[in-house]
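Under our numbering, the letters of the sequence shown match residues 3 to 615, in that order. Beta carbons are placed, not taken as given, at the ideal position from N, Cα and C, and that holds for glycine. In this text, all values refer to a predicted model and were calculated from it rather than measured experimentally. Okay, so here's the structure we're looking at.
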Amino acid sequence: MKLRRSRYARLMAFTLTAGLMAPGAAFAADPALICEKIAAKSLQSCVKKISRTEGKCYLATGAACGSEEPKVDKALAALAKKVGKKCSDANVQAAGYGPSMTAAALVERLQAACTAEVASFTARSFGGPHGAALAGAGAAAQCLEGAHKHGTKFLSKAAKLRSSCIGKVRKGASCDTAKSLQRIADAEAKALEGLATACTDTPLEDLVALDATEFLARADGQARCMTAIAHPDSSPLDLDCGPRPGIAATPRGEYVQIVLDEAEWGTRCGDGSPFAFWIRLAPEGEPVENIVLEMQGGGVCIFDDDCAGVPAGLFEALSDNPEQSGIMSNDPNVSPFANWTKVFVPYCNQDVFIGGGTTSDFASVTVHRFGAINVRAALSYLRDVIWRELDAETDEGYRADRVRFLFGGVSAGGFGTLFNYHYVLDELQWSHTAAWPDASLSLDNGEPLGIAALGLLLLADTPPLGWGAKSYLPPYCFATNCGVGPVLLEATSPRLKAEPEQQFLILSNQIDQTQVNTTFFSNLPSWLNTARQAYCDTKGLNGVRYFLPAITENTHVISTRENLYTGYSIGGLLMRDWLELGMTDPDNLVDAVEEGTLVMDYPGTNPFPCSLD
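Laid out in structure tokens, this is it:
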């Protein structure tokens, strides 16, 4: 469910007629504090009401409510009216929302947060925004219904308890934070009891990849972010969402290395050392909310013998420097994204960024599999940096729907793009995001040692081979074969294009011996024929586009090779321009795929089994 522009227009018209800019009667207390209190209560009420409405729509139709759902409009209008009565521009700024934020912007921010939090929660509850878990669920639907019902109550309660604590301190009183946190824990325990009753016959994790404990933990994460969006100062609570003193200074136009504390973030590299990544905010005068991110490549190891042969440098991140060529170039003559915020995420776990915190304790080497945890921590940190900057520098402040994001990676980082894109869309709520996986088609060889078969091991948390990946996969694709590219693309396609930018921009040269080796194919023609078949099988899927050169030389990774990025074209369209169109004119982007001379150059290679438009 998304709030369309027409709905925003209607609601803002209502807001203005309700007297948004008028402060109303004299306040009995500090007007700024009253504004803040009403903002928090209105957001909580909005989320609770719309979540209940959306739950009914999913259970009745298998999908979110339509854009004209009157109960959704009513809840958003109620938020606008309540906040509008108590929040003038002066009150908003005095409360600390931002030095130039207006009351109208605060209303839009809260409305956007309300719809985004509900969309995130319902996607988690019903197997994605398209309700995939409900299809054919039968009697198991009662588990999904129960998860949504009890989760909504817990989400609302956790946000309310935190706001209450903050409100006491803001009025000059005290709050027993330990008592508040215990009350939240009690509410969680009650919700767990409800889920246990609802899911007696079918465990929740069999339906949406998350067990009840993790399901509620993620709901509580949302409650913390709701608290941060509603309260400019969250003291005395120590939240892990929004601007706060622990977020490092990030000067414009300069790369800053961020080293994350495992005790706070749960991150870890393969050798046990701290995980680190790089941020370079857009130069002064450029929109900080335009972001391009690259996850680093570096192969994969699964067993004792191959992990023992990996160079030590691939198990740590502190010495890695950011990529600055091709799509990541800072030169406007090279890349249309040169003046965007840049993020570089090193690869240090040999788990294609999907490891969920297990440890492979082999006889020869120990490898910690924390890839998914690391990249998602980096993304959360990035969100809080952008949040801080937008609140400080703009009238509108931070909203998730303001961010325009090119999320991608090369080689192993491209695999990580495939497996973590749903997190950006659903959990981070950055709806204007395109994914660019390069050199990571993730093809299955059909053998016992192949991506599909290995999924049985890697999704589990059984040592030493289990990576604990299941709960990090999309709630609509977590079977053991969901690591296979075409399978994941087909499962993801129905939920894409809710915004024009939402699509996979898949890049790969067709001659890539590295992909042959890392996905266990016996020879290049076998892999290439599988790649061509996979293209034809997924060609035309909603939200899936390809750039597939037929360069005859073995070439692994193409988007960061400047000569190819700026000089290689298919059908007259440069790779650089193709990627730019993915953000500037996404609805008119088409595949750029060429046959080339590979059938002749590599005996055993077949032509594409479909037409190349």
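**Message:** What would DSSP say about A380, mapped onto helix, strand or coil?
**Reply:** It is helical.
**Asked** On the three-state DSSP scale, how would you describe M3?
**Response** Below a pLDDT of 50, predicted positions are generally treated as unreliable, and M3, at 43, falls in that range; no measurement from the model is reported.
**Asked** Does the count of Cβ pairs from the stretch 174 to 185 and the stretch 224 to 235 closer than 8 Å reach three?
**Response** When Cβ pairs closer than 8 Å are counted between the two stretches, the stretch 174 to 185 is seen not to touch the stretch 224 to 235, the count staying below three.
**Asked** For the candidate residues A214, T204 and A219, whose alpha-carbon lies nearest to that of I186?
**Response** Nearest option by C-alpha distance: A219.
**Prompt:** So, are the CB atoms of V518 and L507 less than 7 Å apart?
**Reply:** The Cβ atoms of V518 and L507 lie no closer than 7 Å to each other.
**Request:** With DSSP collapsed to three states, give me the class of R563.
**Result:** Correct three-state label for R563: coil.
**Prompt:** Can the beta-carbon of S413 be found closer than 7 Å to that of G299?
**Reply:** Contact: yes.
**Asked** Are the beta-carbon atoms of P477 and G129 separated by less than 7 Å?
**Response** Contact: yes.
**Prompt:** With 16 as the cutoff for other CB atoms within 10 Å, does Q184 come out buried or exposed?
**Reply:** That one is exposed.
**Message:** Relative to the C-alpha of G153, which candidate in A193, L78 and A481 has its C-alpha closest?
**Reply:** The candidate whose alpha carbon is nearest that of G153 is A193.
**Prompt:** With A211 and K472 assumed to form a contact (beta carbons below 8 Å), what rounded beta-carbon distance in angstroms separates them?
**Reply:** Between K472 and A211 the Cβ distance is about 6 Å, and since that is below 8 Å, they are a contact.
**Item:** C-alpha gap between D397 and E110, whole angstroms
**Value:** Their Cα atoms are separated by approximately 12 Å.
**Item:** Close-in-space but distant-in-sequence residues of the same chain around K39 (CB under 7 Å, 5 per side omitted)
**Value:** Taken in chain order, the residues that qualify are G169.
**Asked** Would you call T540 buried or exposed, if buried means 16 or more other Cβ atoms sit within 10 Å of its Cβ?
**Response** Counting the other CB atoms within 10 Å of its CB gives T540 a total of 16 or more, which places it among the buried residues.
**Prompt:** Would a C-beta distance cut-off of 7 Å place W267 and T360 closer than the cut-off?
**Reply:** No, these two residues do not count as a Cβ contact at 7 Å.
**Asked** Are any of the Cβ atoms in chain C nearer than 7 Å to that of R390?
**Response** Among the chains of the structure shown, chain C does not appear; only one protein chain is present.
**Request:** For M602, count neighbouring Cβ atoms within 10 angstroms of its own Cβ and tell me buried if that reaches 16, exposed if not.
**Result:** Around the beta carbon of M602, fewer than 16 other beta carbons lie within 10 angstroms, which makes this residue exposed.
**Prompt:** Taking the alpha-carbon positions, what's the A402 to A115 distance?
**Reply:** Those two C-alpha atoms are separated by around 8 Å.
**Prompt:** Can you tell me whether DSSP reads P338 as helix, strand or coil?
**Reply:** In the three-state reduction of the DSSP assignment, P338 falls in the coil class, being assigned neither a helical nor a strand state.
**For L576: DSSP bridge partner residues** = Under DSSP, L576 forms a beta bridge with S571.
**Message:** Quick check: P588 and E503, are their CB atoms within less than 7 Å of each other?
**Reply:** Taking 7 Å as the Cβ cut-off, P588 and E503 qualify as a contacting pair.
**Message:** For P234, count the other beta carbons within 10 Å of its own beta carbon; 16 or more makes it buried, fewer makes it exposed. Which is it?
**Reply:** Per the 10 Å Cβ criterion, buried.
**Request:** List the DSSP bridge partners of R547.
**Result:** Looking at the DSSP assignment, R547 forms a beta bridge with L507.
**Request:** Would you tell me roughly how many angstroms separate the C-alpha atoms of S165 and G418, rounded to the nearest one?
**Result:** Answer to the nearest angstrom: the Cα atoms are 36 Å apart.
**Prompt:** Got a sec, what are the start and stop residues for the beta strand (DSSP E) I293 sits in?
**Reply:** For I293, the uninterrupted beta strand (DSSP E) segment begins and ends at N292 to M297.
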